[in-house]
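Asker: 48 is the number that the working numbering gives to position 53 of the sequence shown; each next residue is one higher, with no gaps. Glycine is no exception: its CB is placed at the ideal position from the N, C-alpha and C atoms. Since we're looking at a predicted model, the values are computed, not measured. Pasting a structure below so you can have a look.
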Amino acid sequence: MSTDRLILKATLFAAEKHKDQRRKGESQIPYVNHVIEVAELLERFQHDTETIIAGLLHDTIEDTATTPEEIEEHFGVEILSVVLEVTDDKSLPKTERKLLQVVNTPKKSDSAKKVKIADKICNLKSIHTAPPENWTLDRQTEYFHWAKQVVDGARGVCPHLEQLFDDVWLAGIRELE
Ligand code: ZN
């Protein structure tokens, strides 16, 4: 299968899986916009097809009823392994999951680190432009600091993504603090 075809197949797969979900911000953007945005950033800085596809699929197992077997069947074991690397264990309490992201990110593959950085860039951007309803400024600030801790553990894989993260982080934190 051509790489274009695979990327479109993953986009369609993500759109179907996330079809009933919306982002938390007040604008209620369809969830799939988020994963397309993550994939677009990865493509922009010329990352490989596998990483771009993992970007498209990064929230399917964590946030939808998608099983690892489905991802493996359609996209292969390598992409599955990156998706699993960026999937939080939802059976754990939220504070523990957040701590684990900080602790475990440095041990992850380069592909997983790139997806993490792109994901955090998109999350910071949406918090900055359209914060989730009921998120206080303190909560937003806390998220910014936590995201930076996670990304600091992922550095060394793509200077462009890392620079973009720093720019977005700084622009946001200046208004919050
Ligand atoms: Zn995400």
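1) In chain order, what residues have a CB nearer than 7 Å to some heavy atom of the ligand ZN?
2) What is the DSSP secondary structure of Arg18, reduced to helix, strand or coil?
3) Would DSSP call Pro127 helix, strand or coil?
4) Assuming Val72 contacts Gly50 (C-beta within less than 8 Å), just tell me the rounded distance between them.
5) Would you kindly work out how many angstroms separate the C-alpha atoms of Val81 and Lys103, rounded to a whole number?
6) Using only alpha-carbon positions, find the residue among Val145, Glu67 and Glu32 that is nearest to Thr100.
7) Can you find the residues in the same chain that come closer than 7 Å, C-beta to C-beta, to Lys109, ignoring five residues on each side of it along the sequence?
8) In this structure, does DSSP put Pro101 in helix, strand or coil?
Answerer: Result, derived from the coordinates:
1) His29, Val30, Val33, His53, Asp54, Asp114, Cys117 and Asn118
2) Three-state result, Arg18: coil.
3) strand
4) Contact doesn't hold; Cβ gap of about 17 Å is too wide.
5) Rounded to the nearest angstrom, the two C-alpha atoms are 9 Å apart.
6) Val145
7) Around Lys109: Leu37, His42, Thr46, Val152, Cys153 and Leu156.
8) helix
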